[in-house]
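Down below is the structure, laid out as structure tokens.
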Amino acid sequence: MRVVGLMSGTSGDGVDAALVAIRRGKGGLRVTMEAFYPLPYPRSLQQRILAASVSGTVAELCHLNALLGEWFANAALGVIRKAKLHPKDVDLIGSHGQTVHHLPHGTKDAGVDAIRSTLQIAEPAIIAERTGITTVADFRPRDMAAGGQGAPLTPGVHALLFRHPRRARLIVNLGGISNVTYLPRGKGFGGLVAFDTGPANMVLDGLMFRFTEGRVSMDRDGRLAARGRVDARLLAKLLAHPYLSQKPPKSTGRELFGAAMIDDLLATQQARQLSIEDLLATCSRWTAEAVGTARRWIRGEIDDVIVGGGGVKNRAIMGHLAEVFHPVPVTTFDSLGWDSKAFEAVAFAVLAYQTVTEQWGNVPSVTGAAHPALLGCIVPNGPGWSQRLLARHRT
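Numbered as in my numbering, the sequence shown ends at 424 without a single skipped number.
Below is the structure:
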């Protein structure tokens, strides 16, 4: 089955599209990436998305939902063209959408207990209409309805594709937020531990954008951070953030590590007279140390640390991770034959495949859900979609 996965992370910098071929055999899933196509947002659109996630009106969110549906559809068509295929050659699309808010902790409201909510936009009906391909989207709400946090969802895919019979692996994703998946030696999902560890690119990108008054959106390759010195006092304050000591299951996002955090860091920088290089170096170290805290909830050895996501290009973070985990080797998804930036898009292609083939998508021990669940809502491309899809899958 050929499936396109679409992903845009909490940094809100664009849509990643991955086209994969999925086969199910006696040994499990075989997934091969055939093409990858990143479609960056214009900076003005990125800022509208980030602003909407904090204080967007209903009208703005309604409009952005449709607008991003067009962008996600264009990304899907772009990766299909890159693979030199036609949309009719593709069976399915799995779209994560663009997260604009995530409230994973149950709150009581209007006499209803434990209300959990999350909102990803990029209208899947538009994606299905523009591409002519059945689209699965809105993966997180079903897990939350079952009492989970709706995140992280990629650990199940990590287990399917990365688990090793003789090596225990810590899989690290450095997106806007960092998350980890611990895969003990062996097969299956037994012993899997996974959760969000805290900030990654989100804080660093936010600092650069605010410090340069919008002229620069990132510290490319971590060059500035690599020239700075870690401020021990500020680092100690950051490591005392209550999220880091919170016991899993746990997930987080811009609500904790967004604009208010940037305000606080820039105020500290001014009060302490820190250079931007020192501030970025300190926050890069914070990211690595936060990932390192994962070890307190892991029972067992770690043989390899394998890192993916856009943060693998940040030399400062990668250098700090090597120090934090020494002597355990730290490498990247690329060393296993996967494009580090593409993998989360690949994961949502696999999750869409799991849904239409009636396989559980969540890992309850990770999200806190009461039971495994089929994830997502399906927007068919027309009558008879399921018979055609499954007939092709069986062949």
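Where a beta carbon is used, it is the ideal one built from N, C-alpha and C, also for glycine.
Going by Cα to Cα distance, which pick from R283, V359, A255 is closest to E506?
This structure leaves residue 506 out entirely; the chain is present only between 30 and 424.
Name the one or two DSSP bridge partners that G54 has.
G57
Separation of H193 from G57, as counted between CA atoms:
13 angstroms
Rounded straight-line distance, which links the Cα of A197 to that of F354
14 angstroms
Just list the alpha helix (DSSP H) runs in the segment 313 to 383, keeping only unbroken ones of 4 residues or longer that don't cross its boundaries, in chain order.
344 to 354
Starting from Y70, trace the alpha helix (DSSP H) both ways and give me its first and last residue.
Where Y70 is concerned, there is no enclosing alpha helix (DSSP H), given that its DSSP letter is neither H nor E.
On the DSSP bridge assignment, give the partners of H131 in chain order.
T147
I'd like the ranges of any alpha helix (DSSP H) spanning at least 4 consecutive residues and lying wholly in the segment 165 to 194.
169 to 174, 184 to 191
Who are the Cβ neighbours of Q425 in its own chain at under 7 angstroms, not counting the five residues just before and after it?
This structure cannot settle anything about residue 425, because the visible part of the chain is limited to 30 through 424.
Please classify A300: is it buried, with 16 or more other beta-carbons within 10 angstroms of its beta-carbon, or exposed?
exposed
How would you write the range of the alpha helix (DSSP H) that T210 sits in, first residue to last?
Run containing T210: none in the alpha helix (DSSP H); it sits in the beta strand (DSSP E), 206 to 212.
In three-state terms, what does DSSP make of I162?
coil
Are the CB atoms of L48 and V32 nearer to each other than 9 angstroms?
yes
Less than 9 angstroms separating the beta-carbons of G339 and S369?
yes
Between S246, G176, G161, S40, which has its C-alpha nearest P412's C-alpha?
G161
Looking only at its chain, what residues have a beta carbon closer than 7 angstroms to the beta carbon of M237, apart from the 5 residues adjacent to it on each side?
V245, S246, M247, D248
Cβ of Y66 within 9 angstroms of Cβ of G107?
yes
Continuous alpha helix (DSSP H) stretch holding M290: start and end
288 to 301
Measure the Cβ-Cβ separation of A398 and G176 and say whether it is below 9 angstroms.
yes
Use the C-beta contact count for S207: other C-beta atoms within 10 angstroms, 16 or more gives buried, fewer gives exposed.
buried
Is it the case that the Cβ atoms of L233 and V334 are separated by a distance below 9 angstroms?
no
Distance, Cα to Cα, M36 vs A105?
10 angstroms
Work out the CA separation of I291 and P277 for me, nearest whole Å.
25 angstroms
Pairwise C-alpha distance: G85 and R159
26 angstroms
For L380, tell me which candidate among A188, I156, H130, A88 has the shortest Cα-Cα distance.
A188
Rounded to whole angstroms, how far is the Cβ of T311 from the Cβ of L264, which I believe are closer than 8 angstroms?
5 angstroms
In three-state terms, what does DSSP make of L221?
coil
For Q383, collect the residues of the same chain with a Cβ closer than 6 angstroms to its Cβ; drop the 5 residues on either side in sequence, then sort them by chain order.
G390
Would DSSP call A46 helix, strand or coil?
strand
According to DSSP, simplified to helix, strand and coil, what is P228?
strand
Is the distance from the Cβ of G287 to the Cβ of V83 below 9 angstroms?
yes
Select from T164, A154, V222, I155 the residue whose C-alpha is nearest the C-alpha of L182.
V222
Return the chain-ordered list of same chain residues with a C-beta closer than 6 angstroms to the C-beta of V141, the five sequence neighbours on each side being excluded.
none
Rounded to whole angstroms, what is the Cα-Cα separation between Q388 and G54?
15 angstroms
Helix, strand or coil at R258 [DSSP, three-state]:
coil
Rounded separation between R52 and L418 - CA only:
13 angstroms
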